[in-house]
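**Q**
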Amino acid sequence: IGLYFAGLGGQLPPYPLTFAGLEAAAQEKMEHRLWDYVAGGAGDGHTQQSNIDAFHRWGVLPRMLSGAAERDLSVELFGHRYPAPVFMAPIGVLGVMTDDEHGDLAAAAASASSGIPMVASTLMQDPMEDVGAALGDTPGFFQLYTPHDREVAESFVHRAEAAGFQGIVVTLDTWTLGFRPRDLQHATFPQLRGYCLANYFSDPVFRSRLQATPEEDPGAAAIAWALMFGNPTLTWNDLAWLRGLTDLPLLLKGICHPDDVRRAKDAGVDGIYCSNHGGRQAASAPALDLLPAVVDAADDMPVLFDSGVRSGADVVKALALGATAVGIGRPYGYGAVLGGQAGIEFVLSCLLAEADLTMGLNGYASITELTREVLVRVT
Ligand code: FNR
Numbered sequence: 009i010g011l012y013f014a015g016l017g018g019q020l021p022p023y024p025l026t027f028a029g030l031e032a033a034a035q036e037k038m039e040h041r042l043w044d045y046v047a048g049g050a051g052d053g054h055t056q057q058s059n060i061d062a063f064h065r066w067g068v069l070p071r072m073l074s075g076a077a078e079r080d081l082s083v084e085l086f087g088h089r090y091p092a093p094v095f096m097a098p099i100g101v102l103g104v105m106t107d108d109e110h111g112d113l114a115a116a117a118a119s120a121s122s123g124i125p126m127v128a129s130t131l132m133q134d135p136m137e138d139v140g141a142a143l144g145d146t147p148g149f150f151q152l153y154t155p156h157d158r159e160v161a162e163s164f165v166h167r168a169e170a171a172g173f174q175g176i177v178v179t180l181d182t183w184t185l186g187f188r189p190r191d192l193q194h195a196t197f198p199q200l201r202g203y204c205l206a207n208y209f210s211d212p213v214f215r216s217r218l219q220a221t222p223e224e225d226p227g228a229a230a231i232a233w234a235l236m237f238g239n240p241t242l243t244w245n246d247l248a249w250l251r252g253l254t255d256l257p258l259l260l261k262g263i264c265h266p267d268d269v270r271r272a273k274d275a276g277v278d279g280i281y282c283s284n285h286g287g288r289q290a291a292s293a294p295a296l297d298l299l300p301a302v303v304d305a306a307d308d309m310p311v312l313f314d315s316g317v318r319s320g321a322d323v324v325k326a327l328a329l330g331a332t333a334v335g336i337g338r339p340y341g342y343g344a345v346l347g348g349q350a351g352i353e354f355v356l357s358c359l360l361a362e363a364d365l366t367m368g369l370n371g372y373a374s375i376t377e378l379t380r381e382v383l384v385r386v387t
């Protein structure tokens, strides 16, 4: 409503209102390799497009006169009530996406001001202690890419606890990088490697593995990072070790199969994060279409979801398919590119305004009313 009234006064919104507009404006501003890295994905890009198409195959059943003038979008997650069932998904190069190259701090500040939680990536540009402090009163999550060196992994988790993060999200789908032609073409990833390694370079255990400090020889430190970044040998047998690292809620990101959900539950995991990494990792992996089966297998465990969420209506659909909370990836990343903290806040507030209106105009006052019955196949 604020935007409509501002428009009446001739005041235009500061940033584009649609995903297409954000994407186009961000592309114009970004260095082309970084743009390809962020916007691109696995193979020919059909996986990330399928994520978007999957949302468009659903419609929301409209109900009239149901008294939905006041809506409640708040959600309880791991003992905390958040104002909306939406969160910022981890974005590794977020740090270098803002003008000042402190994108993680910008997102943390946006989280503090909006109450929308952030899942902070292992690959932050600023150490997790600084990002954790910037989250203010909004409990955030630390995303772990499990390094090959177990003691470094343990150090990360314990630092995240000390930094005030309230949950650990272990990403399982990136034990090696996906086939991303747009990056391979420009050798982007090796060139980004000097960035976003603050958590490694500041880690006492990682530093103890080096011949020279990262300050003395950043190239050698980056190679040491590259050698321990992924862990192809990680299996379900390692879950007990991961579980034993922390008493914080432990979530597994990239779980999309009901059998894997059951194994996670048996291993004492607290939450499932269903995602195909925004179509960046395994080519042809679905995401939204797998959500209902994941939710059924999870029983009472919370299920987070991301991949392809581009609008408030998409948020409503993911909730109706059973997600407890819905992750936003590239859209808030583009907000960071365009306006840092303010850009992120703008993108999140538009998305939430649209989710709120989609619920209200369709006659649903509370997210508890968003069940599978409110969705209808439209294509
Ligand atoms: C990601 N994603 C990601 N995931 C993760 O667990 N750790 C990470 O460091 C990153 N890094 C990252 C960088 C970039 C540039 C993107 C676009 C994505 C995946 C992310 O958390 C999320 O799963 C997807 O972005 C969701 O899809 P959409 O919303 O971007 O379509």
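Per UniProt numbering, the very first residue in the sequence shown carries number 9; after that it's consecutive.
Yeah, the Cβ is synthetic: ideal placement off N, Cα and C, and Gly gets one too.
In this text, all values refer to a predicted model and were calculated from it rather than measured experimentally.
1. To the nearest angstrom, how far is the alpha carbon of I375 from that of A328?
2. Could you tell me if the beta carbon of H40 falls within a distance shorter than 7 Å of some heavy atom in ligand 1?
3. Where does the unbroken alpha helix (DSSP H) through T366 begin, and where does it stop?
4. Alpha carbon to alpha carbon, how far is H40 from C358? Give it in angstroms, no decimals.
5. Can you list, in chain order, the stretches of the beta strand (DSSP E) that have 3 or more residues and sit fully within the segment 273 to 311?
6. Mind reading off the beta-carbon distance from D80 to A373? Whole number of angstroms is fine, and I expect it under 8 Å.
7. Quick check: is any heavy atom of ligand 1 less than 7 Å from the C-beta of I176?
8. CA-CA distance, V101 and S119?
9. Whose C-alpha, out of T241, M72, V127 and A117, is nearest the C-alpha of P98?
10. Extract the residue ranges of the beta strand (DSSP E) inside the segment 23 to 103, only unbroken runs of 3 or more that lie entirely within it.
11. Please say whether F149 and F173 have beta carbons closer to each other than 8 Å?
12. I need the DSSP call for S374, collapsed to helix, strand or coil.
13. In three-state DSSP terms, what is Q151?
14. Comparing the CB of K325 with every heavy atom of ligand 1, is any distance shorter than 7 Å?
15. If you draw a straight line from the C-alpha of G53 to the C-alpha of V382, how long is it?
16. I need the straight-line Cα distance from A344 to V355, nearest angstrom please.
**A** Checking against the coordinates, here is how it stands:
1. If I take the Cα positions, the gap works out to 8 Å.
2. no
3. Taken as a continuous stretch (DSSP letters only), the alpha helix (DSSP H) holding T366 covers R338 to N370.
4. 27 Å
5. Listed in chain order, the complete beta strand (DSSP E) runs (minimum 3 residues) inside the segment 273 to 311 are 279 to 282.
6. 7 Å
7. no
8. 18 Å
9. V127
10. 66 to 68, 83 to 85, 88 to 90 and 94 to 96
11. Going by C-beta atoms, F173 is nearer than 8 Å to F149.
12. strand
13. In the three-state DSSP reduction, Q151 falls in the strand class (E or B).
14. False, no ligand heavy atom lies under 7 Å from that Cβ.
15. Distance between the alpha carbons of G53 and V382 is about 30 Å.
16. 9 Å
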